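Asks: Got a structure here, written out as structure tokens. Questions coming.
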Amino acid sequence: MSRIARLSDVLINKIAAGEVVERPASVVKELCENSLDAGARTVRVELEAGGVGRITISDDGHGMSREDATLCLERHATSKLRELDDLFHIDSMGFRGEAIPAIASVSRFTLHTAEPDAHEGTKVMVEGGGPPTVEAAPPRVGTVITIEDLFFNVPARRKFMRQGATELKHCEEAVVRLALAHPEVGFFASHEGNELFSSPAAEHDPRERIAAALGPASFPHLFPVEERRLGVVVTGYLASPEYTLPNARGLYTFVNRRYIRDRGLISTVQRAFQDFLPAGRQPVVVLHIDVEPAAVDVNVHPQKMEVRFADARGVQDAISAALSRVLRAAPWLGSPEEQAANPQPRDAAHYAHAVERFLTRAQEATWGAPLPTAMDAPGPDGSTPARPLTPSYFSPNGGAQGSAFPGPFQGPQVPGRSLGFGEAQPQLNEAPPPGYFAALRPMGLLGSRFHVCEGPGGTLVVLDPHAALERARLTAYLRRLEDETKAPPPSLFGTTVDLSLAAVKALVDGREALLKLGVDVEPFGGTALALKSVPAGLEGVDPRALLEALSRALPPRSAPLDVTSLAEAVRVMACHAARRASSSPLTDAQLRALLGELDRADFTPPCTHGTVVVLEMPLLELERRAR
52 MSRIARLSDV
62 LINKIAAGEV
72 VERPASVVKE
82 LCENSLDAGA
92 RTVRVELEAG
102 GVGRITISDD
112 GHGMSREDAT
122 LCLERHATSK
132 LRELDDLFHI
142 DSMGFRGEAI
152 PAIASVSRFT
162 LHTAEPDAHE
172 GTKVMVEGGG
182 PPTVEAAPPR
192 VGTVITIEDL
202 FFNVPARRKF
212 MRQGATELKH
222 CEEAVVRLAL
232 AHPEVGFFAS
242 HEGNELFSSP
252 AAEHDPRERI
262 AAALGPASFP
272 HLFPVEERRL
282 GVVVTGYLAS
292 PEYTLPNARG
302 LYTFVNRRYI
312 RDRGLISTVQ
322 RAFQDFLPAG
332 RQPVVVLHID
342 VEPAAVDVNV
352 HPQKMEVRFA
362 DARGVQDAIS
372 AALSRVLRAA
382 PWLGSPEEQA
392 ANPQPRDAAH
402 YAHAVERFLT
412 RAQEATWGAP
422 LPTAMDAPGP
432 DGSTPARPLT
442 PSYFSPNGGA
452 QGSAFPGPFQ
462 GPQVPGRSLG
472 FGEAQPQLNE
482 APPPGYFAAL
492 RPMGLLGSRF
502 HVCEGPGGTL
512 VVLDPHAALE
522 RARLTAYLRR
532 LEDETKAPPP
542 SLFGTTVDLS
552 LAAVKALVDG
562 REALLKLGVD
572 VEPFGGTALA
582 LKSVPAGLEG
592 VDPRALLEAL
602 SRALPPRSAP
612 LDVTSLAEAV
622 RVMACHAARR
632 ASSSPLTDAQ
642 LRALLGELDR
652 ADFTPPCTHG
662 TVVVLEMPLL
672 ELERRAR
């Protein structure tokens, strides 16, 4: 008796469903891609119970005849491939002919379609991969597919589904990816009557689609990217380093309009931004890579989210060149004339580099080499040890780098180079000595931004007001959060803010966490929220920017509401409070009060915008040379 037997078609389809249909989001992706291949200009997605209960995809594409509507339920029946050579020039989203039969085998499947100008439509129903029921139906424009009770006949698979909110989030992300890839198509998604995503066609300005996906606050920060090379075209948008996320969820890469999750591409983008972003922040980038279909293999994985390039290095070089060109030009800072006419404070990623270049040029122009330190005083024989100046800094973790402050560790010395503003040694985590800031004597402003002070023992100290304010506010908010007996004092503050739907959902779900932080919000109808109170120091901030940032920083609902889980949200509040307070130069009284706060601050927790506080260089050598 033979031990090998042919599998039944039903079993084969269920096996295929395990590869193609991972979760409800996979169904949304596959069916929306079929709508795009059918030439749809509008795609609507309706969900119930996170997509497990029901998924309805409707489009206005060219529809199908009765024969095609029946044939599409058979495995490897497709309109997109005809012969072997077509497999090496794939320009459609789907091509294997596996998705619809696989989906129909694990759900209650209904298809309603008609060809253009047809007098009669077709309705096909399949339950759990059984024989199809075909009947006449009223004609309609395009196709509607309804999936009910997903995995009802595969209880083991259904048991491993996540909570409805989690599955819903994956479905929403599937729609967002397709919407970003096809701005010329209108996408609309809803869950049990509540709108999730709504974006009409935006082919004339793709930034509108990106803003619909990532929130309206991203729109003014978006700048075009373009690089054309032989066989590779890179286009898209990047957000200025002033607009970042704590994770990589704002990084989208598309190859021939197909969303791709490729480590090499993501690493290339992150490397391009590494000198422009503070630690712990990720860029917002939407990139479209167009290559010849023959130069990329999309037939790698059933879900088609991985590809292989014939020239991966060439693609990565094109991406790097495209991003670097925009980042180096820094168009968000305006033209040189605009910058001169309207000097505005810049985020740490920009002004830190500018001050580093300024101070380095000033040293080298004056002395031809970095200045020696006071510790390098002439010896008994009149000689001076050859040691370069190493300015001291307080790192985000409180370390004094290469500092004259006593300690067990001295940073590594690099001959001929002084450490740049903002560089920090991770080994150093010591706070400045007690009373250091109170002993500073303010002398004036550098570049209408940085406060120049005289320090103890004859030193020149350059103070970064935004980072210093951020450090002081962070310490105050964290100490208030740690002290359970002290509720945040209410502020006389109230306004209504219209936000993205995703932000409203996150803020309403995280209202308990917000109250613990001293932020009180209430739904105000639609996508509006009433902001009733904020902690001290945040009264004058932009409420929309603050709430959008907090919506991305709040912990999951299941997380305990402690200092650890709320740390990112506290950093967001500290940054916004500092941005408001440092929008204009500090008065002498404000600067003195800030210096006192810094002496009491905790330099251990990291801040959003990197370095605090000072560049310090001795003046004794200047005095000696002037004699």
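Counting from 1, position 457 in the sequence shown corresponds to residue 508 in this note's numbering; the numbering is continuous, with no gaps. Beta carbons are placed, not taken as given, at the ideal position from N, Cα and C, and that holds for glycine. What you are looking at is a predicted structure, and each value in this text was computed from that prediction instead of being measured.
1) Pull the bridge partners of residue 291 from the DSSP assignment, please.
2) Looking at the unbroken alpha helix (DSSP H) that takes in residue 248, where does it start and where does it end?
3) Are residue 91 and residue 110 touching if we call contact CB-CB under 8 angstroms?
4) So residue 272 is in the beta strand (DSSP E); what residue range does that whole segment cover?
5) Return helix, strand or coil for residue 344, following the three-state DSSP convention.
6) Could you check where the alpha helix (DSSP H) with residue 650 kicks off and where it finishes?
7) Since I believe residue 187 is in contact with residue 171 (beta carbons under 8 angstroms), could you give me their beta-carbon distance rounded to a whole number of angstroms?
8) If you draw a straight line from the C-alpha of residue 395 to the C-alpha of residue 517, how long is it?
9) Express the C-alpha separation of residue 266 and residue 638 in angstroms, rounding to a whole number.
10) What span of residues does the alpha helix (DSSP H) with residue 156 cover, start to end?
11) Grouping DSSP H, G and I as helix and E and B as strand, with all else coil, what is residue 487?
12) On a Cα-Cα basis, can you pick out the residue from 334, 339, 335 and 359 that is closest to residue 346?
13) Just curious, the beta strand (DSSP E) that residue 176 is in, first and last residue?
14) Starting from the Cα of residue 194, find the closest Cα among 313, 164, 181 and 301 and give me that residue.
15) Can you tell which of 529, 573, 520 and 567 has its C-alpha closest to the C-alpha of residue 546?
16) With a threshold of 7 angstroms on Cβ separation, who are the neighbours of residue 5 within its own chain once the five nearest residues in sequence on each side are excluded?
17) Measure the CB-CB distance between residue 333 and residue 298 and report whether it falls below 8 angstroms.
18) What residue does the beta strand (DSSP E) around residue 624 start on, and which one ends it?
19) Let's test the definition: count the other Cβ atoms within 10 Å of the Cβ of residue 268 and tell me whether it reaches 16, buried, or not, exposed.
20) For residue 125, which of helix, strand or coil comes out of DSSP?
21) On the DSSP letters alone, give me the boundaries of the alpha helix (DSSP H) that residue 88 sits inside.
22) Going by beta carbon distance, what residues of the same chain come within less than 6 angstroms of residue 174, once the five residues before and after it are set aside?
23) At which residue ranges does the stretch 183-251 contain complete alpha helix (DSSP H) runs of 4 or more residues, listed in the order of the chain?
24) Under 8 angstroms: do the stretch 593-613 and the stretch 487-505 share three or more Cβ pairs, one atom per stretch?
25) List the DSSP bridge partners of residue 559.
26) If you measure between the beta carbons of residue 608 and residue 560, is that distance less than 8 angstroms?
27) How is residue 602 classed by DSSP in three states: helix, strand or coil?
28) Roughly how many angstroms separate the alpha carbons of residue 376 and residue 348, rounded to a whole number?
29) Where do the ends of the beta strand (DSSP E) carrying residue 316 lie?
30) Taking residue 259 as part of the alpha helix (DSSP H), name the residues at either end of that continuous run.
31) Based on the DSSP output, what are the partners of residue 113 in its beta bridges?
Replies: Inspection of the coordinates gives the following:
1) Paired residues: none, contrary to the question.
2) From DSSP, residue 248 is part of no alpha helix (DSSP H) but of the beta strand (DSSP E) over 245-250.
3) In this structure, residue 110 lies closer than 8 angstroms to residue 91 by Cβ.
4) Element bounds for residue 272: n/a, residue is neither H nor E.
5) Helix, per DSSP.
6) It spans 639-650 - the alpha helix (DSSP H) in which residue 650 sits, taken as one unbroken run.
7) Yes, they are in contact, since the Cβ atoms of residue 171 and residue 187 sit about 5 angstroms apart, within 8 angstroms.
8) Reliability fails at residue 395, whose pLDDT of 46 lies under 50, so the model's placement of it is uncertain and no value is given.
9) Looking at the two C-alpha atoms, the distance is approximately 36 angstroms.
10) That residue, residue 156, is in no alpha helix (DSSP H); it is neither H nor E in DSSP.
11) Residue 487 carries a coil assignment under DSSP once its states are collapsed to helix, strand and coil.
12) Residue 346 has its Cα closest to that of 359, out of 334, 339, 335 and 359.
13) Residues 172-178.
14) Shortest Cα-Cα distance from residue 194 to any of 313, 164, 181 and 301 involves 164.
15) Nearest neighbour of residue 546 by Cα position, chosen from 529, 573, 520 and 567, turns out to be 573.
16) Here the chain has residues from 52 to 678 only, and residue 5 is not among them.
17) Cβ atoms of residue 333 and residue 298: closer than 8 angstroms.
18) Unbroken run through residue 624 is the alpha helix (DSSP H), 618-632; no beta strand (DSSP E).
19) Counting C-beta atoms within 10 angstroms of its own C-beta, residue 268 has 16 or more neighbours from the protein chains shown and is therefore classed as buried.
20) Reduced to three states, the DSSP call for residue 125 is coil.
21) Per DSSP, residue 88 belongs to the alpha helix (DSSP H) from 75-88.
22) Apart from sequence neighbours up to five positions away, the residues of its chain that approach residue 174 with a beta-carbon distance below 6 angstroms are 163, 186 and 188, ordered along the chain.
23) Taken in chain order, the unbroken stretches of alpha helix (DSSP H) that lie wholly in the stretch 183-251 and span 4 residues or more are 206-210 and 215-232.
24) In short, these stretches do not touch, since the Cβ pair count stays below three.
25) Bridge partners of residue 559: none, in fact.
26) Yes, these two residues count as a Cβ contact at 8 angstroms.
27) Residue 602: helix per DSSP, three-state reduction.
28) Taking the straight line from one Cα to the other gives about 29 angstroms.
29) Run containing residue 316: none in the beta strand (DSSP E); it sits in the alpha helix (DSSP H), 314-324.
30) Here the alpha helix (DSSP H) through residue 259 covers 257-265.
31) Answer is none; residue 113 lacks a bridge partner.
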